[in-house]
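Below is one structure, written out as C-alpha cells, with a few remarks after it.
Protein chains: 2
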Amino acid sequence: MTKTLPTDDLATQHEQLGRAVTKIISDYAATLDSRKVTSSATPQDLLKIFDEPFPEQGIAAEEILARFTDEVLVHAMQVPSPRYFGQFNPTPLPIGVWADALTSVLNQNAGAWRNGPTSAMIEARVLRWLCELVGYGPESFGTLASGGTEANLIALKCARDRVHQTAVQTGLRSASGDLTVYASDQVHFSIERSVDILGLGRASLRKIPTGPDFHIQTDALRKQLDEDRKAGAIPCCIIGLAGATSTGVIDPLAELAQIAVENKCWYHVDAAYGGALAFSSRHREKLNGIALADSITFDPHKWMFVPFACGAVLVRDGGRILRDACDITPEYLNEDRGGADVEFDFFRYGQMGTRRFNSLKLWMALKFMGRQGYAAAMEKQIALTEYFARRIDELSDFNRMNDIETAVCCFRFLPLEYVSVPGGEQDRLQQKLQQEIERSGEAWIHTTVLNNRRVLRININSFLTERRHIDDLLELLVRTGKTVA
Amino acid sequence: MTKTLPTDDLATQHEQLGRAVTKIISDYAATLDSRKVTSSATPQDLLKIFDEPFPEQGIAAEEILARFTDEVLVHAMQVPSPRYFGQFNPTPLPIGVWADALTSVLNQNAGAWRNGPTSAMIEARVLRWLCELVGYGPESFGTLASGGTEANLIALKCARDRVHQTAVQTGLRSASGDLTVYASDQVHFSIERSVDILGLGRASLRKIPTGPDFHIQTDALRKQLDEDRKAGAIPCCIIGLAGATSTGVIDPLAELAQIAVENKCWYHVDAAYGGALAFSSRHREKLNGIALADSITFDPHKWMFVPFACGAVLVRDGGRILRDACDITPEYLNEDRGGADVEFDFFRYGQMGTRRFNSLKLWMALKFMGRQGYAAAMEKQIALTEYFARRIDELSDFNRMNDIETAVCCFRFLPLEYVSVPGGEQDRLQQKLQQEIERSGEAWIHTTVLNNRRVLRININSFLTERRHIDDLLELLVRTGKTVA
C-alpha cells in the first residue's frame, strides 16, 4: 500500500485497504465469543503505548492497520461480545458496520439538501418511520442527533422557547420567573447538562422521588409543581423516562401526559433506550401514552444495534417547531430552489451544522431487520433478562432490585454475613465483585446506585447473547462471590 | 448473504459484506473523475424513489447494497470529486473511510474510559497533537465534537460561565446585565445559534462590520464594546475567524487577542477550516496570535480530509474549564478507578454523552499524512486557488472579490452589459450561471452574499484536484457565461 496521497491510484488504494480491513473485521468476529471482554492493561500501560510525538512524515497504511490490530483492538473494551453486559452499548449489526464505510466514501454533508440530496431524503424517510413506530401522526417530524444527550438538548430548547417566547431573541434575562423542569430522580445526566446549557441553571431541574418500582411518584410531582408555581416559577417541561438508565424501567407515560396538559408544560419522553419496545406487539403497551408527548428522544444506536453515533429527536407537532428553535439561515445556503432545500435542510432543525450521513446505516438496518426482526431480537433479550432475574431470585446470596421491564436487571450480592453490616461495607462488596469480574475478563457487568446504595447491574444488548452466556455469567457471579465475601 | 441475524455466522457475514463493499467503493473511486458531480434528479424524483412503507420483514443484504449503488450513490452530490468546488467538504482520505468500518465494528462508547480504554487514550493523544499544532502549551486540553457548530457552542459555554459564574447553577436570569458576544459580519451561523441555545438571545451577538478585505474592523469593534458597556451590557466573548465561511479569510488574530484582554473577554478563534494552515511553514504565519485564544474550534473533517464527523474544540488553560462547564457525574459512572476514568472520560468535557470513536480516523489520518503530507496538500490547494484567481483576473467578464488567504475564491460574472444594471439583476445572473453549471454536472460551485450582493464562490478541498480540473472549470465558466448573459 502506498504511503502517499492516492491522487493517481485511488481505486487501488481503496481495494487494498478494503481487503485488509475485511480480514481484520472477520477475524475479529470469529474470535469474539472466546475473547476476554476486558484487557488487563492499566491506564498507565495504555498511556505509554500511545505516547508518541507529532507525526512528521507519513507512514504506510499497513503499519497503521497493524498498530490497530495489535494495540487498539486488543486493549479495547469488547463491547460487541455476547459477554458484555454493560451500558446501552449494542453489538453493532454487520450491515451497519459496513454502511459506515459507504457513508464515509460518499462524505455527504447531510446537513443541506444541496450537499447531499439522497442523504436528505433518507434522513427524512427514517425519521418518518421512527415517528410512525412511536405512534405519531403524519404532521410529526424530527432530526437525527449525535446521541440522546443532544436530542434531549434540542427537545428542551423547544420546551424553553414555547414557555418563554422571547428567549430566542432576548435570552433568559427577560423571563418573568425561573423556568423549571421536572423528571424523576432516575433521569439521565444529560437533562441536567441541558438545562445548564440552555441558561435555565442546573437548579431549575426538580428531581422527583421514585417509588419502590423506580417509577416517578406522580403525587410528589404534582405537589412540586404547585409549590413552584406558588413561589413564582414557571413550570416549563415534564420529562418521562422510557427505559431509565439504571433500571430500564418506564414511567407512567399517559399519566405524565395528563399532568403536563394540566400544567401547560411541554411533555418530553426520554425513550433513548426503551423506544425500541415499540417494535414488539408483546411489549409495546409498556409505552402507552408515549404518542402524547410533544417530543421524544429515541436512539437507534442503543436498542436497534446501529453503530454509534445515531440518536434522534422526534416532535409531534411538526418541523416548524424545530425550525423556529434552531434555524438561522446563512446567506451562502439561502439560494432559492423550489423549497426542497429548505424542507430537507436538516441543519435547520437541530444543533448541528455539518452532519454525517448517519441515516444510511439506520435505513439499512431497518431494511435488514424489519419490524419482525427487531421484535424477535428484543423479545429474546427481555426473555433472557427475565431468565437471569429468576435465577438470581433462586440464589440466596443475591437480591434483585427491579422488575424486568426491558432488558436490565439490577441486583446486590449480600451473603448472610453482609446483611447486617453498614451500607458502606455492602457497597464496597459490590464494587469488589464488579472489579474481580472485570479483571477476569470472562464478562463485563457494572454498578450503579439505587436508594443511595451501590448495586450491580446488567443489560443484555447483544443479539449474540444466548442462554449459555447467561448461565456462564451466573456461574461466574457465584464463583467470584465466594472469593470476595 | 443471510437476511437473518448473524448469531452463528458473524464472521462469514462480515466477510461477504466487506468484499461487496470493497468492490462498490473501489469501483466508485475508479469512476470518480469522469462522473457527473450532480444528479439531475429533482427533489420530487427522489421523494418518489425513497417513499416506502415501514419495513415489516427483513430483506437480504445484497438487495440493500444494490439499492445503495443504484439509487443512493448515483443521486448523491459527488463531494469527493476533484470537480466539486463547494463548501468545506473534503474528499475523504481512504484510510479515514476504512477507519470508519473499524470504528463501527469495535463500537466503543468513547465517552467513558471504562467503555473504551483505547478510544479514550487515542482521543487524548490526537487532541494533544492538535493543541501542539496550534501552538498551545502542555496544560491545554480539548474534546472532539460532532462539528464546528458544537465546538463553538462548547467554547461559548466556557465564555458565558467565566463571565457569569453562577450561570451553571442559577441560569441567566440572575445576570446583572446582558452578556454580549462580538464577531465580524462574516461569522458562521453557528455562533448565533449558540448564543440562542445558551440563553443569551440572538440579539446578544454583535456583528461587527468588515473592511474591503472582509477582515473585522477593529476600530468598530472597540467602539461597540464601549457603547455596550456604557449601556450596562457585560461583554463576554470576542470571536476571531480563521478561514471565514464565505471568503476563507483570516481576522487579525493577535490584535483581537489584545482587545479581548483589555475588555476582560473570553477570546475564541473559529478556525474550523483555517486551523489546518498550521501544518505549513509557508502559511502558518497567517494564524499569528491564534495561540493567545482561550479556545479554538478546529475541524479535522474540513481541511484534514477526515470523513465526517470529526470536529474539535481546544482550550488553552486546560480541561478543568471544560469539566466545570460540562461535567455532571452520574452515579452509574462514578466508580473509583485510580482517577483514570475521570481524566479520560470525555463525556465530562463536552456536550455529548455517548460518543463515537471518531478519534481513530483522525489518528490514522495524521499517521498516514504526517505534518509534511498535510503541508504539501494544502500548499498545492492554495497554489491552485491562486492560479484560479490569476486566471479570473485575466477574464474581463469576471471580477474577483477577495484576496486568496486560504483555498477560497469569490468572484462575480459581470459582462459589460451587466455592469450598470440594478444589483438585483446582477444577482440573478450569478444564480443563473451557478444553476447552469450545476445542471451540466461538469463541476459544482456555489454562491454566497458579500456586501449584500450575490457572488460565485469556489473552495478547493479535494486532494484529487489538479491544474487540469481548474482549467476545465474556467472553460466551463466562460462557455456557460455566454449562454446565460
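Chains as they are written, first to last, in this note's numbering: chain A, 187 to 671; chain B, 187 to 671.
Idealized CB from N, CA, C, for every residue including glycine.
N-terminal and C-terminal residue of the alpha helix (DSSP H) that residue i is part of
i: Phe574 of chain B; result: 545 to 580
i: Ala197 of chain A; result: 196 to 217
i: Lys488 of chain B; result: 486 to 489
i: Ile377 of chain B; result: 375 to 383
i: Arg221 of chain A; result: It is not in any alpha helix (DSSP H) - Arg221 of chain A carries neither H nor E in the DSSP assignment.
Closer than 8 Å to chain B by CB, residue i
i: Cys512 of chain A; result: yes
i: Glu318 of chain A; result: yes
i: Val607 of chain A; result: no
i: Ala498 of chain A; result: no
i: Met490 of chain A; result: no
i: Ser582 of chain A; result: no
Straight-line gap, residue i to residue j (C-alpha atoms, nearest Å)
i: Arg392 of chain A; j: Thr366 of chain A; result: 7 Å
i: Thr304 of chain B; j: Leu662 of chain B; result: 49 Å
i: Leu292 of chain B; j: Met564 of chain A; result: 21 Å
i: Asp237 of chain B; j: Ser212 of chain B; result: 29 Å
i: Arg625 of chain A; j: Ser226 of chain A; result: 7 Å
i: Arg523 of chain B; j: Asp531 of chain B; result: At Arg523 of chain B the pLDDT is 48, less than 50, meaning the model places this residue with poor confidence; the figure from the coordinates comes in the next sentence. Answer to the nearest angstrom: the Cα atoms are 12 Å apart.
i: Pro324 of chain B; j: Leu316 of chain B; result: 11 Å
i: Val207 of chain B; j: Trp549 of chain A; result: 16 Å
i: Ile235 of chain A; j: Glu257 of chain A; result: 8 Å
i: Glu441 of chain A; j: Leu473 of chain A; result: 12 Å
i: Ser362 of chain B; j: Thr433 of chain A; result: 42 Å
i: Ala345 of chain A; j: Gln355 of chain A; result: 15 Å
i: Arg269 of chain A; j: Leu659 of chain A; result: 8 Å
i: Thr483 of chain A; j: Ser545 of chain A; result: 16 Å
i: Gly321 of chain A; j: Gly461 of chain A; result: 11 Å
i: Ser376 of chain B; j: Asn338 of chain B; result: 7 Å
Whole-Å CB distance - residue i paired with residue j, under 8 Å assumed
i: Leu384 of chain B; j: Leu342 of chain B; result: 6 Å
i: Leu636 of chain B; j: Cys595 of chain B; result: Not confirmed; about 12 Å, so no contact.
i: Gly536 of chain A; j: Cys512 of chain A; result: 6 Å
i: Ala486 of chain A; j: Pro278 of chain A; result: The identity of residue 486 of chain A in the sequence shown is Pro, whereas the question assumes Ala. With 8 Å as the limit, Pro486 of chain A and Pro278 of chain A do not qualify as a contact, their Cβ atoms being about 11 Å apart.
i: Asn585 of chain B; j: Arg577 of chain B; result: Actually they are not in contact, since the Cβ atoms of Asn585 of chain B and Arg577 of chain B sit about 13 Å apart, beyond 8 Å.
i: Glu318 of chain A; j: Phe240 of chain B; result: 6 Å
i: Ala477 of chain A; j: Asp456 of chain A; result: With a Cβ gap of about 15 Å, Ala477 of chain A and Asp456 of chain A do not count as contacting.
i: Asn301 of chain B; j: Val265 of chain A; result: 7 Å
Minimum C-alpha distance to residue i - residue among the options
i: Ser290 of chain B; options: B:Cys451, B:Arg542, B:Val265; result: B:Arg542
i: His374 of chain A; options: B:Glu318, B:Thr540, B:Glu603; result: B:Thr540
i: Asn645 of chain B; options: B:Ser467, B:Thr431, B:Val605; result: B:Thr431
i: Thr224 of chain B; options: B:Ala462, B:Gln621, B:Arg653, B:Thr669; result: B:Gln621
i: Gly387 of chain B; options: A:Ile514, A:Lys488, A:Ala495; result: A:Ile514
i: Thr255 of chain A; options: B:Arg253, B:Ala285, B:Ile250; result: B:Ala285
i: Lys222 of chain A; options: A:Asp485, A:Trp630, A:Gln355, A:Ser582; result: A:Trp630
i: Arg665 of chain B; options: B:Gln537, B:Glu628, B:Thr404, B:Arg509; result: B:Glu628
i: Ser220 of chain A; options: A:Thr352, A:Ala671, A:Arg654; result: A:Arg654
i: Leu581 of chain A; options: A:Thr571, A:Pro601, A:Gln567, A:Ala247; result: A:Pro601
i: Lys566 of chain A; options: A:Arg468, A:Arg614, A:Leu508, A:Leu552; result: A:Arg468
i: Thr571 of chain A; options: A:Thr592, A:Ala551, A:Gly556; result: A:Thr592
i: Gly672 of chain A; options: B:Ala246, B:Asp195, B:Gly204; result: What the structure shows of chain A is the stretch from 187 to 671, and residue 672 of chain A is not part of that stretch, so it cannot be assessed.
i: Ser390 of chain B; options: A:Lys409, A:Thr352, A:Asp579, A:Gly475; result: A:Thr352
Endpoints, the beta strand (DSSP E) within which residue i is located
i: Trp452 of chain B; result: 452 to 456
i: Lys393 of chain A; result: 391 to 394
i: Pro266 of chain B; result: Premise fails: Pro266 of chain B is in no beta strand (DSSP E) and is neither H nor E.
i: Gly497 of chain B; result: 497 to 501
Below-8 Å beta-carbon distance, residue i vs any chain A residue
i: Gln294 of chain B; result: yes
i: Ala464 of chain B; result: no
i: Phe400 of chain B; result: no
i: Thr329 of chain B; result: no
i: Gly301 of chain B; result: First, the amino acid is wrong: residue 301 of chain B is Asn here, not Gly. At least one chain A Cβ lies under 8 Å of Asn301 of chain B.
i: Pro241 of chain B; result: yes
i: His200 of chain B; result: yes
i: Ser332 of chain B; result: yes
i: Asp256 of chain B; result: no
i: Met587 of chain B; result: no
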